[in-house]
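Undergrad:
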Amino acid sequence: MATIETAYYVPTLLGLSTTFGISCSISIVCLVLFETFRRIDSMQYLFSPRTQLSVSPAVPLSKRPLAWIASTFWLDEAYFISRVGLDATMYLRFLRMAIHFLTFQSILICPVLLALHWTGSSSAADWKHGLSLVALNDTSPDTTTDQFRSNSTLAYLSIATIPDHHPIVWIHVFFGYSVALGWLWLLFVNHWHHLYLLQAKGPSSSIQERSILITNVPHPLRNPASLQHHFTMAQVGSVESVTLVSARASKALDRALDRREHWLDDLERSLIVLARENAKYPNAMDIDSWLRLLQDTQPLGLTEHIKTLMLDITLADTEIEQLRDANASPEYYQPTGTAFVTFTSPHSAQICAQIVTSWKPGVFDTRMAPEPRDLLWTSLLRRGRKDKLMGRLRQWAVFVAVWSLTVFWLFPISFILGLTSIESLSQHFAFLRYFLDSSLVVRSFIQNILPTLLVTLFMSLLPWILLEISKQQDFVSYSELEECVLGRYYHFAIFNVLIVFLLGTTFLSTMLDVLYEPARLTQLLANSLPQGANFFLNYILFNACTHAMELIQLGSQLFGHFFLTLPWVAKTPRILRRLTSPWSFPFYYYYPNHILVFVITSTYSVIQPLILIFALFYYILALACFKHQFAYCYIRRYESNGARHFRRVARYTSDGLIIFQLTMVGLLYLKGVPAAATALLPLIVITLWAKWKLSRLFGRRSKHPYVGRFDGTKQAGSFGKPGPSGWWGWVDDIWKISYVKAWWANGRYATPQVDEERRYTIPLPLLPLPLLSLPPLPVLAPLSPLPVPITTNMTTSTSTSTSTTTGTVTTVTETTITPKNVLTGTNPNTNVNTAGLVVNALGCMDSIKSVVHCVVNDTGVNGTKCGNGGDSSSGSLASTIRLEANEIWDGIATYEHPSLIKPLDGSVWMPFDVTLTRWDLGACLKIPRSVLQQALALTAPGRGKPNAALEAEIA
Numbered sequence: 001m002a003t004i005e006t007a008y009y010v011p012t013l014l015g016l017s018t019t020f021g022i023s024c025s026i027s028i029v030c031l032v033l034f035e036t037f038r039r040i041d042s043m044q045y046l047f048s049p050r051t052q053l054s055v056s057p058a059v060p061l062s063k064r065p066l067a068w069i070a071s072t073f074w075l076d077e078a079y080f081i082s083r084v085g086l087d088a089t090m091y092l093r094f095l096r097m098a099i100h101f102l103t104f105q106s107i108l109i110c111p112v113l114l115a116l117h118w119t120g121s122s123s124a125a126d127w128k129h130g131l132s133l134v135a136l137n138d139t140s141p142d143t144t145t146d147q148f149r150s151n152s153t154l155a156y157l158s159i160a161t162i163p164d165h166h167p168i169v170w171i172h173v174f175f176g177y178s179v180a181l182g183w184l185w186l187l188f189v190n191h192w193h194h195l196y197l198l199q200a201k202g203p204s205s206s207i208q209e210r211s212i213l214i215t216n217v218p219h220p221l222r223n224p225a226s227l228q229h230h231f232t233m234a235q236v237g238s239v240e241s242v243t244l245v246s247a248r249a250s251k252a253l254d255r256a257l258d259r260r261e262h263w264l265d266d267l268e269r270s271l272i273v274l275a276r277e278n279a280k281y282p283n284a285m286d287i288d289s290w291l292r293l294l295q296d297t298q299p300l301g302l303t304e305h306i307k308t309l310m311l312d313i314t315l316a317d318t319e320i321e322q323l324r325d326a327n328a329s330p331e332y333y334q335p336t337g338t339a340f341v342t343f344t345s346p347h348s349a350q351i352c353a354q355i356v357t358s359w360k361p362g363v364f365d366t367r368m369a370p371e372p373r374d375l376l377w378t379s380l381l382r383r384g385r386k387d388k389l390m391g392r393l394r395q396w397a398v399f400v401a402v403w404s405l406t407v408f409w410l411f412p413i414s415f416i417l418g419l420t421s422i423e424s425l426s427q428h429f430a431f432l433r434y435f436l437d438s439s440l441v442v443r444s445f446i447q448n449i450l451p452t453l454l455v456t457l458f459m460s461l462l463p464w465i466l467l468e469i470s471k472q473q474d475f476v477s478y479s480e481l482e483e484c485v486l487g488r489y490y491h492f493a494i495f496n497v498l499i500v501f502l503l504g505t506t507f508l509s510t511m512l513d514v515l516y517e518p519a520r521l522t523q524l525l526a527n528s529l530p531q532g533a534n535f536f537l538n539y540i541l542f543n544a545c546t547h548a549m550e551l552i553q554l555g556s557q558l559f560g561h562f563f564l565t566l567p568w569v570a571k572t573p574r575i576l577r578r579l580t581s582p583w584s585f586p587f588y589y590y591y592p593n594h595i596l597v598f599v600i601t602s603t604y605s606v607i608q609p610l611i612l613i614f615a616l617f618y619y620i621l622a623l624a625c626f627k628h629q630f631a632y633c634y635i636r637r638y639e640s641n642g643a644r645h646f647r648r649v650a651r652y653t654s655d656g657l658i659i660f661q662l663t664m665v666g667l668l669y670l671k672g673v674p675a676a677a678t679a680l681l682p683l684i685v686i687t688l689w690a691k692w693k694l695s696r697l698f699g700r701r702s703k704h705p706y707v708g709r710f711d712g713t714k715q716a717g718s719f720g721k722p723g724p725s726g727w728w729g730w731v732d733d734i735w736k737i738s739y740v741k742a743w744w745a746n747g748r749y750a751t752p753q754v755d756e757e758r759r760y761t762i763p764l765p766l767l768p769l770p771l772l773s774l775p776p777l778p779v780l781a782p783l784s785p786l787p788v789p790i791t792t793n794m795t796t797s798t799s800t801s802t803s804t805t806t807g808t809v810t811t812v813t814e815t816t817i818t819p820k821n822v823l824t825g826t827n828p829n830t831n832v833n834t835a836g837l838v839v840n841a842l843g844c845m846d847s848i849k850s851v852v853h854c855v856v857n858d859t860g861v862n863g864t865k866c867g868n869g870g871d872s873s874s875g876s877l878a879s880t881i882r883l884e885a886n887e888i889w890d891g892i893a894t895y896e897h898p899s900l901i902k903p904l905d906g907s908v909w910m911p912f913d914v915t916l917t918r919w920d921l922g923a924c925l926k927i928p929r930s931v932l933q934q935a936l937a938l939t940a941p942g943r944g945k946p947n948a949a950l951e952a953e954i955a
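Read in full-length UniProt numbering, the sequence shown has 526 at position 526, and its numbers run on one by one without any break.
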């Protein structure tokens, strides 16, 4: 299956039926498993984490079979904009574009070309006669041939039946223009629609939209006051805060936090082992039972290791506090050449990111800052001269490795498939010869199924391989890394699946011939691509079942769940909670696959029109699957407002159109109709121009959408009528025919108006970002931002307060929640109960992190209340642990390193039943560590210098 010569497929209608049956069987099995898994409580973090969000949670699905289909079918675009974000919205819009486009082209192309290809006529009269034969089901020239099993049946439906030098190929030229111009129109109007969504959302008060990332900061400016003065003199806007990156402090704190986490896991594991061996009622361990256990076993000397661990953890807390204090450890807070500057206005940040801020080249490079949760701090901290040189060497090494893998992938796959052949296995493993000779089932499995399974396994591992290789580069953010892997995986897929697969092992010499004589490219495509038409019919039909596999998240998610929840892996409830965090959507995997299917479909749309119907079936299943996955399953790791990936859709699908057009030019020349082939050359020029124009018109506008947009500014010639409704509104939502009417009536400078009641009225309780006064949308008052904690030792700060505890200037707006407010779940500024979780106005912000939600357990024992950051003063002594996904990462409102602001958990997580082999997070206790220390008669040491181990590590 590495090349078309070694691929096993049956090029008949019977073969397509078999492939369809296999695909349906796999899909049915996956659906049954999905309906089973989504009812298991321990797997809710995989199949419905968004129903547990603290802000705008999804409505839990009914347990009825297939109820999720009806629930997700009626979710409109406004729901995904307000709940999931523009990245997911534009991904679903791409799938909808493909469905609309393929539906239109199937209705237009298939009836004409399938009948034309089947007859293979030499005149228009014969063609009409052939259509009558099709209507009478008398389509075969040879009535004795079983067309369902014949190898020539699919060939009768392709362009190969058209005689040479026949003018009927002008119909193919017309449909070539229809395919290209139709898709270019969809790209144009949906880019326009994307910009409209950005303008309707408007700039927010989120920190990433008001901040810039600066690299190569000169030494005289590596302090907050100098940087703030520099940008104030630039007169681009008012500076709110400056954050300098300190590498030594961050690395030292990371090591200290890792060591503390290891000790805390060891402490909880030791307590569980102690309870299993000595508890009287190990299946009913409440807080009193745990305290009595420690007091009873202490005289026996069984708690010495536990005492040591608790003292180590307490001392580690003191060390971490000292390292976080810039005044106590000034030697660790030497700033690097990287800094974050936050302005009071998003306009100021976006303007500053595009202007020249220094006359010296290579100094003071500015760009929009990624989200705090999106940053890859390991790469960001490597900013010295030596690190930059090594980073450049790693970049070239990764580049060579990726392209070597892309170009030479065919040879190891061919070698592995050669080893799995029947002849090779019989030669190397003599004991298998009897089974291979006697069992037809074994022979069929090795010959037909095993090669496909091996290639599928290698292809499924490839994105992960590319991701791990690309991590060696110094990417500042995960979104940049994912975008790079997306491009590399697509280039790999288009090169190996569409080109190398058809050319075979001679592709290197063929590529060299094309480089030597570029004019042979069209002839090469015309000779090689049409022979894969029948194979790609099977390819698309079989790959439709991958969407059912995605429903059960077959792969790292599902297999990882079964492995990571094993008792010898998740030894404590805390480890289980850490290993069962919700997943983020892998854009780098699914975008290339869906774009590849579109490129294949457009390439063969006129050569083998039947592929349009199969691709339509493929994308309908994809839309049904991913609407559910985005609405219920995946938590965002970042949000790029849809611009980062959608522009690659335009670029790569335009390249697919060019491949299609070059193939058709060469094919028509081989058919001996040079006039028809020449007529397609202007279409290639139009496609290249449109690709350049799309990038020029929408690239920078989607990257910096708020520059040049001012409040109260009316757009010239706004559309006067709302958008259509009903079925025509469903069509117009993608094709934007109303744009043409408005441009005809009001000119090219008209601004589209959309029916607010039908499509883009986002419910105010679900809207995380304020809408600005952009006609014709109604003007809504900005939402008051809910406060967020900046550091664990701060109580309150005003809009002009400044904190220097970490050696940086940080200005905080509104009022900061105290640790007490965080634990009790109350908000001092509003009447909103945050249910024990820290929230802010950015309700759309996600994280793959999960948050432990404390539910007070009425045990009747007086004491202290547990919390993420420590012990409070009153309430119940212990609380149960419930896993709750949250879309806001702790410390989202600051660009401090996570180790500087990460709260320290002052409790231990203990199960009610220590005899369980698999932990239930809903049946656990959070016991303050100070209570355990009192039971063991331990006193917490006061502040002091770091211990010897930390001093040695720092040295």
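Every residue gets a Cβ at the ideal spot worked out from N, C-alpha and C, and that includes glycine.
1. Distance check for Leu461 and Ala249, CA to CA, integer angstroms please.
2. Suppose the cutoff is 8 Å on Cβ atoms and the five residues either side in sequence are ignored; what does the same chain contact list for Leu323 look like?
3. Would you kindly check if the distance between the Cβ of Val606 and the Cβ of residue 998 is under 8 Å?
4. Where are the alpha helix (DSSP H) runs, 4 residues long or more, that stay fully inside the stretch 313 to 360, in chain order?
5. Note the first and the last residue of the continuous beta strand (DSSP E) segment covering Asp365.
6. Assuming contact is defined by CB atoms lying nearer than 8 Å, are Leu95 and Leu623 in contact in what I supplied?
7. What residue range is occupied by the uninterrupted alpha helix (DSSP H) comprising Pro167?
8. Could you give the residue range of the alpha helix (DSSP H) that holds Glu35?
9. Quick one: Cα of Leu925 to Cα of Ile635, how far?
10. Could you have a look at Val914 and say whether DSSP puts it in helix, strand or coil?
11. Using CA coordinates, which residue listed in Ser42, Phe364, Thr36 and Ile26 is at the minimum distance from Phe562?
12. Apart from the five residues on each side of it in sequence, which residues of its chain come closer than 6 Å, Cβ to Cβ, to Thr51?
13. Could you give the distance in angstroms between the alpha-carbon of Arg83 and the alpha-carbon of Asp76?
14. Please classify Ser556: is it buried, with 16 or more other beta-carbons within 10 angstroms of its beta-carbon, or exposed?
15. For Pro412, name the three-state secondary structure that DSSP assigns.
16. Apart from the five residues just before and just after Leu376, which ones in its own chain have a Cβ nearer than 8 Å to its Cβ?
17. On the DSSP bridge assignment, give the partners of Thr103 in chain order.
18. In this structure, what does DSSP give as the bridge partners for Ser654?
19. Run the CB neighbour count on Ala258, radius 10 Å, all protein chains shown included, and call it buried at 16 or more, exposed below.
20. How is Ser82 classed by DSSP in three states: helix, strand or coil?
21. Can you tell me whether DSSP reads Leu566 as helix, strand or coil?
22. Rounded to the nearest angstrom, how far is the Cβ of Gly237 from that of Thr342, given a contact under 8 Å?
23. Which residues in the same chain as Cys24 place their Cβ atom closer than 7 Å to its Cβ, once the five residues preceding and following it in sequence are excluded?
24. Would you decide whether Pro299 is buried or exposed? Buried here means 16 or more other CB atoms lie within 10 Å of its CB.
25. Where Ser17 and Ile355 are concerned, what is the direct C-alpha to C-alpha distance, given to the nearest angstrom?
26. With three or more C-beta pairs closer than 8 Å as the rule, is the stretch 910 to 925 touching the stretch 271 to 291?
27. Looking at the structure shown, is Leu213 part of a helix, part of a strand, or coil, going by DSSP?
28. Is Thr243 helix, strand or coil by DSSP?
29. Could you tell me which residues DSSP puts in a beta bridge with Leu375?
30. Where does the unbroken alpha helix (DSSP H) through His547 begin, and where does it stop?
31. Can you name the start and end residues of the alpha helix (DSSP H) that Met285 belongs to?
32. Quick check on Asp513: does DSSP put it in helix, strand or coil?
33. Helix, strand or coil: how does DSSP classify Leu195 here?
34. Among Tyr590, Ile212, Pro370 and Glu321, which has the Cα closest to the Cα of Tyr490?
35. Less than 8 Å between the C-beta atoms of Phe542 and Thr19, yes or no?
TA: According to the structure shown:
1. 37 Å
2. Ala249, Ala252, Leu253, Ala256, Ser329, Tyr332 and Pro946
3. Since the first residue shown for the chain is 1 and the last is 955, residue 998 is missing from the structure and cannot be characterised.
4. 346 to 352
5. Asp365 to Met368
6. Yes, the Cβ-Cβ distance between Leu95 and Leu623 is below 8 Å.
7. Note, Pro167: premise wrong, no alpha helix (DSSP H); not H, not E.
8. Taken as a continuous stretch (DSSP letters only), the alpha helix (DSSP H) holding Glu35 covers Leu13 to Phe37.
9. 26 Å
10. Of the three classes helix, strand and coil, the one that applies to Val914 here is coil, per DSSP.
11. Ser42
12. Excluding positions up to five away in sequence, the list reads Pro57, Ala58 and Pro60.
13. 11 Å
14. exposed
15. Pro412: helix per DSSP, three-state reduction.
16. Phe475, Val476, Ser477, Tyr478 and Leu481
17. Answer is none; Thr103 lacks a bridge partner.
18. None; Ser654 has no bridge partner.
19. Reading off the sequence, residue 258 comes out as Asp, not Ala. Asp258 should be labelled exposed.
20. helix
21. coil
22. With a Cβ gap of about 11 Å, Gly237 and Thr342 do not count as contacting.
23. none
24. exposed
25. 60 Å
26. yes
27. strand
28. strand
29. Ser477
30. Thr546 to Leu551
31. From DSSP, Met285 is part of no alpha helix (DSSP H); its letter is neither H nor E.
32. helix
33. helix
34. For the residues Tyr590, Ile212, Pro370 and Glu321, the minimum Cα distance to Tyr490 belongs to Tyr590.
35. yes
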